[in-house]
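4 protein chains.
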Amino acid sequence: MSFNTFGKIFRFTTWGESHGPAIGCVVDGCPPNINIKEQDIQSELNKRRPGQSKFTSQRKEDDKIQILSGIFEGKTTGTPISLIIYNKDMRSRDYETIKNKFRPGHADFTYLKKYGIRDYRGGGRQSARETASRVAAGAIAKKVLENKLGKKFEVVGAVTQLGILGCDTKKWNDKIIRKNPFFCPDKSIIKLWEKYLLSIRKSGSSCGAIIEIRARGIPVGLGAPIYAKLDMDIASAMMSINAVKGVSIGAGINSAQLTGEENSDEIFQKGKKIKFNSNNAGGILGGISTGQEIIVSFAVKPTSSILKKRKTIDKFGKNTSISVKGRHDPCVGIRAVPVGEAMLNCVLLDHYLMNKAQCG
Amino acid sequence: MSFNTFGKIFRFTTWGESHGPAIGCVVDGCPPNINIKEQDIQSELNKRRPGQSKFTSQRKEDDKIQILSGIFEGKTTGTPISLIIYNKDMRSRDYETIKNKFRPGHADFTYLKKYGIRDYRGGGRQSARETASRVAAGAIAKKVLENKLGKKFEVVGAVTQLGILGCDTKKWNDKIIRKNPFFCPDKSIIKLWEKYLLSIRKSGSSCGAIIEIRARGIPVGLGAPIYAKLDMDIASAMMSINAVKGVSIGAGINSAQLTGEENSDEIFQKGKKIKFNSNNAGGILGGISTGQEIIVSFAVKPTSSILKKRKTIDKFGKNTSISVKGRHDPCVGIRAVPVGEAMLNCVLLDHYLMNKAQCG
Amino acid sequence: MSFNTFGKIFRFTTWGESHGPAIGCVVDGCPPNINIKEQDIQSELNKRRPGQSKFTSQRKEDDKIQILSGIFEGKTTGTPISLIIYNKDMRSRDYETIKNKFRPGHADFTYLKKYGIRDYRGGGRQSARETASRVAAGAIAKKVLENKLGKKFEVVGAVTQLGILGCDTKKWNDKIIRKNPFFCPDKSIIKLWEKYLLSIRKSGSSCGAIIEIRARGIPVGLGAPIYAKLDMDIASAMMSINAVKGVSIGAGINSAQLTGEENSDEIFQKGKKIKFNSNNAGGILGGISTGQEIIVSFAVKPTSSILKKRKTIDKFGKNTSISVKGRHDPCVGIRAVPVGEAMLNCVLLDHYLMNKAQCG
Amino acid sequence: MSFNTFGKIFRFTTWGESHGPAIGCVVDGCPPNINIKEQDIQSELNKRRPGQSKFTSQRKEDDKIQILSGIFEGKTTGTPISLIIYNKDMRSRDYETIKNKFRPGHADFTYLKKYGIRDYRGGGRQSARETASRVAAGAIAKKVLENKLGKKFEVVGAVTQLGILGCDTKKWNDKIIRKNPFFCPDKSIIKLWEKYLLSIRKSGSSCGAIIEIRARGIPVGLGAPIYAKLDMDIASAMMSINAVKGVSIGAGINSAQLTGEENSDEIFQKGKKIKFNSNNAGGILGGISTGQEIIVSFAVKPTSSILKKRKTIDKFGKNTSISVKGRHDPCVGIRAVPVGEAMLNCVLLDHYLMNKAQCG
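Chains as they are written, first to last, in this note's numbering: chain A, 1 to 360; chain B, 1001 to 1360; chain C, 2001 to 2360; chain D, 3001 to 3360.
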């Protein structure tokens, strides 16, 4: 049981509030003798950092990571890796107006009812700022997996739907993803998304998104039956990300509409390799990886902090309304891409180690 | 870490193979002094039992539950409750033909590659027969929640989409659900579903489904931030059910298409009660229950065991094909309804106890 | 968190009451492809079985084990192994007199106060009968370790002190242990122990004991720093056995009286082998195995069920007295030997798998 | 499974090496709305701090604690509490001589063999410096327990044996303990201990100790049967402390020498209170607290870093010898007192919360 820890063997515990002195995490169970530099973590964090384009929050955080333990002479030692990011651009005055009001769509109401106290500044612990810690932990998992699985291993995420505008995933191009502010994998729709999101922002509104993460170079056999299924832990990982409301593996929700013969992926042997004619399973059968690409997608709801006025109550139970000013992302889904990648890296490493334990 | 255990405080461990002597589970962490009779469990199991209509497997199991421990003079004692169901109608000869072939869409391939050995009879541990144990554990969770939360508490599930045919969830009627073989909540579509599923079965094919589970009478405050979110554990629970490929909470996947003002549920106070204008959140904000109805839906892929011939390989790597005979459900999604209810009951009780631990 | 589960990767969950229909356990996380027969488990159980000599309880249980799952064609499949022992010689009438009285030294009082209900028959869940499940789980762990560590691996336990009479552990002889009813390793003291224990029993009293367990053929590197220390888990395992009140590793409690130079084991290399001049560490340094023999001892308090009259209260709070009749061991410590061996086997396998996960 | 986390509901994860930039811990599962100031933690840390008398290490650390999260306006919020202590007086040059040699009695050998790498500076992660984090976590547990259990609750530890010199525990006096540098509870022996320890130090040697911790004001019902026994978790907690080799509950190891009537504590009712005639059980029966004083003692081996020359090998396998210079405690057991108190506070709070979850 662990409120703020994720993982079973490779585990990380995050801590910190949006407007406290710092945030961070402790990564435990990392194999020893893996080369890790602060820069390896920093470069992943930079993907998630706010203030990088006009489409994300204008909060200016350089999100500079520091390693406090667990690395000796550039290598992991098998002991816990403590990571810290000091908070900088905290404009707490922005939040005074919402000190007593519950923002619709946010956890203000539930936190206060549950705990009887909450750090309202910037959303406190609810803030998506916590996801920086996940990205840092994910950067470590990625380095370990690269070391253990070799060059074929990679995890790549993208936004495949922005509000009402889906992209064509058949045009997925890894190289495009990092070159546009939307992590869009389909070059042909970028311009349209740009216009759309600008209009959303201009209207003081926000939109949702669908993110898809793909993992390649995964061996067959990761995951375990029944209650340690790989897809179960992936669903759990993605649903733990702020604002995520749905998760699909492979054909996902759409598989409900398929017939048995449309859905089940045929198997064949070509040379010495086992292949599949399709990948509706998303690379997972019976909770265990098939060796195919692992495909997971998740839906992020629209940013709840919007300029448009919404009815709500204050903490004294009085009916009122709220219009949330401040530096908010018009689509929080965009910055969820590196977070989803990080979580998938962590789940995969965790299952890699679990598989080694029982079947290695 | 636990391959075959679900839950944190209220935990159950399942065991058993489809064609072994028995299946069962051990339920741990159950509060003491709760009245539980075998019949309370049996009546839940009867909902899931095969052979009840022409739309489910014709395997004849009476699924008779026996309580072996943890109940004394009709009450729980706080010690582990061991439950057992002896297997009866095991026609192992049905499975001789698939002993060496991997059924597409099944975990035959991944189990053998992972473990180097597998009990192929009836799918062994992969078989959905394991879900009987979940339903038994869920029956106990339900009794405890009824005791702790009172009369308003209830969990009700239904099939809301059968293959390509969705029902109208606005017409949801609890009473209808138990009166038709599809657990359909919308009376107007039952006839159509009947025709549709008969045609699917006749063609030797199968179809997927979407199941929706609703929980009422849940207090505000269940769930915990970050990595013990209520929706995270619900997603994990549902994804652990055989053949599930996607999970949504509230508006779920659809929330990606909404704007901020469409999605966030407005709050108001009426009399002394806090109310919401809508429930896109599915009763969960920031991982914590709001006091609204909790709404979860999940997609079940079409049954992979179909008569239609599919390409595959055998365990020696030779290309071949397979047509799976036997007593299979044309839509496994239907029997997933009581399983989803059971899993939700278990997650809710677990979080009820967790909340009591930290905040009670 | 788990009330009735022991272990991290190799885990077992026990269930059952002394006078319920059966007891048993579910073993999870067992590596696949290990040969295990019912007889392998039965032969370990036979060591613990009551009624084998006049020095142990006269309850007649044949303790016949049945495997219900997880083994296919004689081999483990990696799925949970469910084991069951049906209770037979339950003379519940023996316990009617203690239905309402708290036996001093027993958990009658604490169970009732904690749970508000208890199965008093034969001690219910408190009964040492639960340890049969541990011995069964330990038999499986032993088979796996023999497979993984080879012929040098063995775990051997003995009683080294019976009441006030210690044996000479320098005369420890494995072969002697199984040939006397006390599991005594020192041939020269057996006769004396026999007289002593007969007199204890005759007087309606009981005595305590110290048990020592040794594990050989353990590689260096099992265990992990800080909160997964091998000795921490061994202490926990032994303290979980009924009536155990103290645990020592190596020199143990006596190390308090040593000086630094007396205590620390000098290291030297001979040929290509690393050796130690002594083994005060009991084979564990910093929570990690050194490759030496692992030595653990634990103290078992005298049987609390004695004929001699003791003051107590009944459940209504009235002062009274009790004299416990029935079939009790004059020294429960004797039957704790196979239980201690089983627990050590389980801890060692668990750490073997954990080490493989992170450092394998 | 967790290498560096202790606890089940109230959990803390420690990190940091002796000569890294900082050490610290993350405390999770803490109930909300508890008043905690940095000073509450600091005052506990000051008890453990080195350099306070000539009988402990002369390393000068002010061990200044900083709270980085989880406390808002002086109160816990239910979110993780991150604590950090920056390292200051690190004389890494002291350790250059032991870079390649394994110190007998230390974990140098086992860490290197296990991980293939180790931070040798000051013992790295093996260093007892890690225990400062435990004391900090324990200070939080103490504040919560004081809030929940009221004024009668207190945990007090003392050294009851220094090397070969035991004190008279019948003379135990809480007030004496904090007034002497040995945490000795028996005024009459302090002078003798002083002479003894000075002679030990002068000779370049060291000695072991026995520490006893007592907890008062504990309600009946904490702990749970079988594998969540209170004494099991206490044994585990104490054995996790550096250099601890044995743990006793109540009469502990000595209970082996008692008869049944000497050992079992008689119960009687006086007025409306349930009392016991003795406390050989150490306040725990069947793993559950009786409401009596909880008494645990543990043996700490003598400091392994001594001036006296000891045989060892270097990491290349060459036979050599070592004499460890530096600022070492002649008896590490003394500083284990506040650590033992902290661990007991943590275990008790954890079980308090667990009990509330299942039986509250």
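C-beta: ideal position from N, C-alpha, C; glycine also.
At what residue ranges does the segment 2015-2090 of chain C contain a whole run of the alpha helix (DSSP H), taking only runs of 4 or more?
-> Whole alpha helix (DSSP H) segments, 4+ residues: 2038-2048.
May I have the straight-line CA-CA distance separating Ser2304 of chain C from Asp2108 of chain C, to the nearest angstrom?
-> Counting from 1 along the third sequence, the entry for residue 2304 of chain C is found at position 304. Counting from 1 along the third sequence, the entry for residue 2108 of chain C is found at position 108. One C-alpha to the other measures close to 11 Å.
Could you run through the segment 329-356 of chain A and flag, in chain order, every residue whose CB is less than 8 Å away from some CB of chain F?
-> The chain inventory of the structure shown lacks chain F, comprising the protein chains A, B, C and D.
What separation, rounded to the nearest whole angstrom, lies between the Cα atoms of Gln1369 of chain B and Asn1280 of chain B?
-> Summary: the structure shown does not reach residue 1369 of chain B, with chain B confined to residues 1001 through 1360, and so no result is reported for it.
What span of residues does the alpha helix (DSSP H) with Phe109 of chain A cover, start to end?
-> Position 109 of the first sequence, counted from the start, is the residue given in the question as residue 109 of chain A. Looking at the DSSP string, the run of the alpha helix (DSSP H) that includes Phe109 of chain A is 108-115.
Closest residue to Pro2330 of chain C among C:Val2337, C:Gly2016, C:Pro2302 (Cα-Cα distance) = Residue mapping note: residue 2330 of chain C aligns to position 330 of the third sequence, counting from 1. If we check each option's Cα against that of Pro2330 of chain C, C:Pro2302 comes out closest.
Could you tell me whether the segment 2118-2136 of chain C touches the segment 2230-2247 of chain C, where touching means 3 or more Cβ pairs closer than 8 Å?
-> Contact between the segment 2118-2136 of chain C and the segment 2230-2247 of chain C is present, because at least three Cβ pairs lie under 8 Å.
Return the residues of the segment 1022-1036 of chain B that lie within a Cβ-Cβ distance of less than 7 Å from chain C, sorted by chain order.
-> Of all residues in the segment 1022-1036 of chain B, Ala1022, Gly1024, Val1026, Asp1028, Gly1029, Pro1032, Asn1033 have a Cβ within less than 7 Å of some Cβ in chain C.
Under the rule that 16 or more other beta-carbon atoms within 10 Å means buried, what is Ile1164 of chain B, buried or exposed?
-> What you label residue 1164 of chain B is simply residue 164 of the second sequence in a count that begins at 1. Around the beta carbon of Ile1164 of chain B, a 10 Å sphere encloses fewer than 16 other beta carbons of the protein chains shown; the residue is thus reported as exposed.
Have a look at Gly1360 of chain B and Ser1057 of chain B and give me their C-alpha separation to the nearest angstrom.
-> Locating residue 1360 of chain B in the second sequence gives position 360, where the first residue counts as 1. Locating residue 1057 of chain B in the second sequence gives position 57, where the first residue counts as 1. Answer to the nearest angstrom: the Cα atoms are 45 Å apart.
Identity of the residue in A:Lys191, A:Lys88, A:Ile98 nearest Ile23 of chain A by Cα = In the first sequence, the residue the question calls residue 23 of chain A occupies position 23. Considering only A:Lys191, A:Lys88, A:Ile98, the residue with the shortest C-alpha distance to Ile23 of chain A is A:Lys88.
Can you check whether the CB of Ser199 of chain A is closer than 8 Å to the CB of Thr1259 of chain B?
-> Numbered from its first residue, the second sequence carries residue 1259 of chain B at position 259. Numbered from its first residue, the first sequence carries residue 199 of chain A at position 199. No; because the gap between Cβ atoms is not below 8 Å, this pair is not in contact.
With a threshold of 16 other CB atoms inside 10 Å of the CB of Phe316 of chain A, please say whether the residue is buried or exposed.
-> In the first sequence, the residue the question calls residue 316 of chain A occupies position 316. Phe316 of chain A should be labelled exposed.
Work out the CA separation of Ile288 of chain A and Trp2172 of chain C for me, nearest whole Å.
-> Taking the third sequence and counting its residues from 1, one reaches residue 2172 of chain C at position 172. Taking the first sequence and counting its residues from 1, one reaches residue 288 of chain A at position 288. About 49 Å.
At a Cβ threshold of 8 Å, is Leu3068 of chain D touching chain A?
-> One-based indexing of the fourth sequence puts residue 3068 of chain D at position 68. Cβ-Cβ to chain A under 8 Å: yes for Leu3068 of chain D.
Buried versus exposed, by CB contacts within 10 Å (16 or more), Leu3192 of chain D | What you label residue 3192 of chain D is simply residue 192 of the fourth sequence in a count that begins at 1. Leu3192 of chain D comes out exposed.
Hey, how far is the Cα of Lys3308 of chain D from the Cα of Asp2265 of chain C?
-> As a working note, residue 3308 of chain D is residue 308 in the fourth sequence. As a working note, residue 2265 of chain C is residue 265 in the third sequence. Roughly 13 Å separates the two Cα atoms.
Select from the segment 2089-2121 of chain C all residues with a C-beta closer than 9 Å to any C-beta belonging to chain D, and list them in chain order.
-> The segment 2089-2121 of chain C vs chain D, Cβ under 9 Å: Phe2102, Arg2103, Pro2104, Gly2105, His2106, Ala2107, Asp2108, Phe2109, Thr2110, Tyr2111, Lys2113, Lys2114, Tyr2115, Gly2116.
By Cβ distance, which residues of its chain are closer than 8 Å to Glu2146 of chain C, with the 5 residues on each side in sequence left out?
-> The residue you call residue 2146 of chain C lines up with position 146 of the third sequence. Spatial neighbours of Glu2146 of chain C in its own chain (CB-CB distance under 8 Å, excluding positions within 5 residues in sequence) are listed in chain order as Phe2153.
Taking a cut of 8 Å between CB atoms, which residues from the segment 1188-1209 of chain B lie near chain C?
-> Cβ proximity to chain C below 8 Å picks out nothing from the segment 1188-1209 of chain B.
Close Cβ partners of Val1144 of chain B (< 7 Å) along its chain, the five nearest in sequence each way excluded = Stepping through the second sequence from its first residue, residue 1144 of chain B is reached at position 144. Once the five neighbours on either side are set aside, the close Cβ partners of Val1144 of chain B are Cys1030, Pro1031, Ile1034, Leu1349.
From D:Lys3054, D:Ala3357, D:Glu3044, residue whose alpha carbon lies closest to that of Phe3182 of chain D | Here the question's residue 3182 of chain D lines up with position 182 in the fourth sequence. Considering only alpha carbons, the answer is D:Lys3054.
Taking the alpha helix (DSSP H) that Gly138 of chain A falls in, what are its first and last residues?
-> Along the first sequence, one-based indexing puts residue 138 of chain A at 138. For Gly138 of chain A, the enclosing alpha helix (DSSP H) starts and ends at 131-149.
Would you tell me roughly how many angstroms separate the C-alpha atoms of Gly3166 of chain D and Leu2285 of chain C, rounded to the nearest one?
-> Sequence index remark: in the fourth sequence, residue 3166 of chain D carries index 166 (1-based). Sequence index remark: in the third sequence, residue 2285 of chain C carries index 285 (1-based). Distance between the alpha carbons of Gly3166 of chain D and Leu2285 of chain C is about 26 Å.
Which residues in chain C sit within 8 Å of Ser3304 of chain D, going by Cβ to Cβ distance?
-> Position 304 of the fourth sequence, counted from the first residue, corresponds to residue 3304 of chain D. Near Ser3304 of chain D (Cβ distances below 8 Å), the residues of chain C are Gly2260, Asn2263, Ser2264.
Which residues bound the beta strand (DSSP E) around Glu2154 of chain C?
-> Counted from its first residue, the third sequence places residue 2154 of chain C at position 154. Looking at the DSSP string, the run of the beta strand (DSSP E) that includes Glu2154 of chain C is 2154-2162.
Are the C-beta atoms of Thr3079 of chain D and some chain B residue less than 8 Å apart?
-> As a position in the fourth sequence, residue 3079 of chain D is number 79, starting the count at 1. Nearest CB-CB separation between Thr3079 of chain D and chain B: below the 8 Å threshold.
Taking 8 Å as the CB-CB cut-off, is Pro225 of chain A touching chain B?
-> One-based indexing of the first sequence puts residue 225 of chain A at position 225. Chain B, which has a Cβ nearer than 8 Å to the Cβ of Pro225 of chain A, makes this yes.
Start-end ranges of the beta strand (DSSP E) lying completely within the segment 3221-3267 of chain D, minimum 3 residues | As for any beta strand (DSSP E) of minimum length 3 sitting wholly inside the segment 3221-3267 of chain D, the runs are 3244-3249, ordered along the chain.
Compare the C-beta of Thr2131 of chain C with all C-beta atoms of chain B and state if any pair is closer than 8 Å.
-> Within the third sequence, numbered from 1, the residue matching residue 2131 of chain C stands at position 131. Contact with chain B is absent for Thr2131 of chain C, since none of that chain's Cβ atoms lies less than 8 Å from the residue's Cβ.
Below 7 Å CB to CB, which residues in the same chain sit around Lys3148 of chain D once its five sequence neighbours on both sides are set aside?
-> Here residue 3148 of chain D corresponds to residue number 148 of the fourth sequence, with the count starting at 1. Result list for Lys3148 of chain D: Tyr3352, in chain order.
Leu2349 of chain C - DSSP class collapsed to helix/strand/coil = Position 349 of the third sequence, counted from the first residue, corresponds to residue 2349 of chain C. DSSP places Leu2349 of chain C in helix when its eight states are reduced to three.
If you draw a straight line from the alpha carbon of Asn2319 of chain C to that of Lys2311 of chain C, how long is it in whole angstroms?
-> As a first step, residue 2319 of chain C must be located in the third sequence, where it is residue number 319. As a first step, residue 2311 of chain C must be located in the third sequence, where it is residue number 311. For Asn2319 of chain C and Lys2311 of chain C, the gap between their C-alpha atoms comes out near 8 Å.
Got a sec: is the Cβ-Cβ distance from Ile2009 of chain C to anything in chain A below 8 Å?
-> The residue you call residue 2009 of chain C lines up with position 9 of the third sequence. By this cut-off, Ile2009 of chain C is an interface position.
Measure the C-alpha to C-alpha separation of Ala1235 of chain B and Ile1295 of chain B and round it to an integer number of angstroms.
-> As a position in the second sequence, residue 1235 of chain B is number 235, starting the count at 1. As a position in the second sequence, residue 1295 of chain B is number 295, starting the count at 1. Approximately 11 Å between the Cα atoms of the pair.
Arg2281 of chain C by DSSP, collapsed to three states: which one?
-> Against the third sequence, residue 2281 of chain C aligns to sequence position 281. For the sequence presented, residue 2281 of chain C should be read as Ala rather than Arg. Three-state DSSP puts Ala2281 of chain C in coil, outside helix and strand.
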